[in-house]
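2 protein chains.
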Amino acid sequence: MSEPGSRRGRGRAHDAEGAREAILNAAEEVFAEHGFDGARIDAIAETAGYNKSLIFHYYDDKLGLYAAVLKRIDEQGAELQATLLAPLGADESLTSDTDKFRTFLATATRLLFDVLIEHPRLSRMIAWEEAEGWQTMRKIASQFNTEDEKLFRQLLNKAQQAGIIRPKIDPDRLFYIIYAVCQSYLTTIPFMEMAFEGEDLSSPDALKQAREMIVDFVIHGVM
Amino acid sequence: MSEPGSRRGRGRAHDAEGAREAILNAAEEVFAEHGFDGARIDAIAETAGYNKSLIFHYYDDKLGLYAAVLKRIDEQGAELQATLLAPLGADESLTSDTDKFRTFLATATRLLFDVLIEHPRLSRMIAWEEAEGWQTMRKIASQFNTEDEKLFRQLLNKAQQAGIIRPKIDPDRLFYIIYAVCQSYLTTIPFMEMAFEGEDLSSPDALKQAREMIVDFVIHGVM
DNA sequence: TTATAATCTAACCAGTTGGTTAATTAACCA
DNA sequence: TGGTTAATTAACCAACTGGTTAGATTATAA
């Protein structure tokens, strides 16, 4: 009747991998919804369908669990970027050919926006970090690699030297500004919906429209 | 020796206004630091130097206290905007004269950025709201007026009809995007400082530089 | 001076918090 | 079959949570 591991409670089949993953999924959900301090281990355990103390057995403490969640997201992100963005960025003429750079910038901005939409839990966790001044992230930052970010910054630096990016724009901060526009637009949607009284800004159509506006805004703001 | 109200603990002089203000100040501080759910009433009471139950006596419950904090900020904000921004916005030629509009947009963006810098508690409280999906704000939204926002949106609509704002930019959302750039840049500073390893981005000089970059970015992104 | 209202406080409550302990159960190997 | 190890759990703990209660202290008006 029941597959191994599907039994709940006392006497379930042993399945370490399954348990770890279930806990990680639950943790991602609860951390995204309530932030680090606000997340309740009991809630994570219940969502995962495993006993609370199993969490401490696998991930030491709350912070270790949080780090594990972010690590998994980071790996997925690196994979995504390697597949989609790297081939574009490898083109040497990108930082000298204005049209090519415009296309690249538009693609990258669209991609970033889409990633945040399709992974609202990531977006939410970042929002919580922003609110609490990144104090949780700071404790575990050393566990993550920032190579991709550095590469992107180098690319933008070259483009500015070639005169494609306006001189007043700091290429080192540009990546974060573009990210800020996308992220903060999304987190401000509930507020805008309150101000616009009833208008639905989170429908696929509305989001697509917003995305194109942001792409237009970024390209003209940068170039 | 001691002025009325300065005595602490048992048998202090009665001073309702002073107590209310002390509580409101403490609440603003603690809410900014920990958000609505994370803020502890005990911490607010201790910071204020008054007994916890006095908080409930004056502000009913945690939500009432939060609403009172935001109301005070809102009143200060309305005052500020009326003094600084309204005279500029009243100029009828603003929405037809490109140069005038550019100056206005730059001034408004600078002002917004400066307000967020000079009132980091406001910025933090907004960040907490963004993280928790504005659920606290939504409960008390009816207590605030949105007239200033509506006026600003009307202004931007006129400017677009006159062809000053690029057609792809939605003037209704523009205000929130500009705000998003400023707010999110500031909340991302700790993260950038982690990435840039040691560089100080919150010094007055660095902030001024960032502000001018954002103004440049916004103006070219919009016009 | 005295009654009354306003201001302020100590002590308390039931429910919740992250984390620990020790025991039980299932898988695996000889 | 029996013994070892890893997976899983119930029960527990001290500290803390928003909120209440009943009473003490002070200001004020008569």
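If you're matching them up, the sequences are chains B and G in order.
Residue 223, in the working numbering, is where the first sequence stops; the numbers in between run on with no holes.
Residue 446, in the working numbering, is where the second sequence stops; the numbers in between run on with no holes.
All C-beta atoms in this analysis are idealised placements derived from N, C-alpha and C, irrespective of residue type, glycine included.
If you draw a straight line from the Cα of G:E420 to the Cα of G:D283, it comes to about 46 angstroms. Rounded to whole angstroms, the gap between the alpha carbons of G:L335 and G:S425 is 17 angstroms. In the three-state scheme derived from DSSP, where H, G and I count as helix and E and B as strand, G:Y402 is classed as helix. Its chain contains R434 and V438 as the residues whose beta carbon lies nearer than 8 angstroms to that of G:R333, once the 5 sequence neighbours on both sides are disregarded; these appear in chain order. Put simply, the CB of B:A127 is near chain G, with a gap under 8 angstroms to one of its CB atoms.
Interface annotation for the segment 389 to 414 of chain G against chain B: R389, K391, I392, D393, D395, R396, Y399, I400, Y402, A403, V404, Q406, S407, Y408, T410, T411, P413 and F414, criterion Cβ-Cβ distance under 8 angstroms. Shown here, B:T188 sits in a helix according to DSSP, grouped into three states. Around G:V292, no beta-carbon contact reaches into chain B at under 7 angstroms, the shortest distance being about 16 angstroms.
The residues R20, in chain order, have a CB closer than 6 angstroms to that of B:Y58 in the same chain once the five nearest residues on each side in sequence are set aside. Contact check between the segment 335 to 348 of chain G and the segment 247 to 259 of chain G: three or more CB pairs, one atom from each, fall below 8 angstroms, which counts as touching.
Nearest CB-CB separation between G:H443 and chain B: below the 8 angstroms threshold.
At the C-beta level, G:Q366 and G:A290 come within 8 angstroms of one another. The closest CA to that of G:F327, considering only G:D314, G:E341, G:D337 and G:F279, is found on G:D314. At least one beta carbon of chain B lies nearer than 8 angstroms to the beta carbon of G:E435. Counting other Cβ atoms within 10 Å of its Cβ, G:R396 reaches 16 or more and is therefore classed as buried.
Among the residues of the segment 145 to 157 of chain B, those with a Cβ less than 9 angstroms away from any Cβ of chain G are T146, E149, K150 and R153, in the order of the chain. Residue contact with chain G for B:E29: absent (no Cβ-Cβ distance below 8 angstroms to any residue of chain G).
Only residues of its own chain outside the window of five on either side were considered, and among them D314, S316 and L317 have a CB closer than 8 angstroms to the CB of G:K323, listed in chain order. Spatial neighbours of G:A262 in its own chain (CB-CB distance under 7 angstroms, excluding positions within 5 residues in sequence) are listed in chain order as V253 and F254.
Excluding the 5 residues flanking it on each side, B:T47 has same chain C-beta neighbours closer than 7 angstroms at A26, E29 and V30, in chain order.
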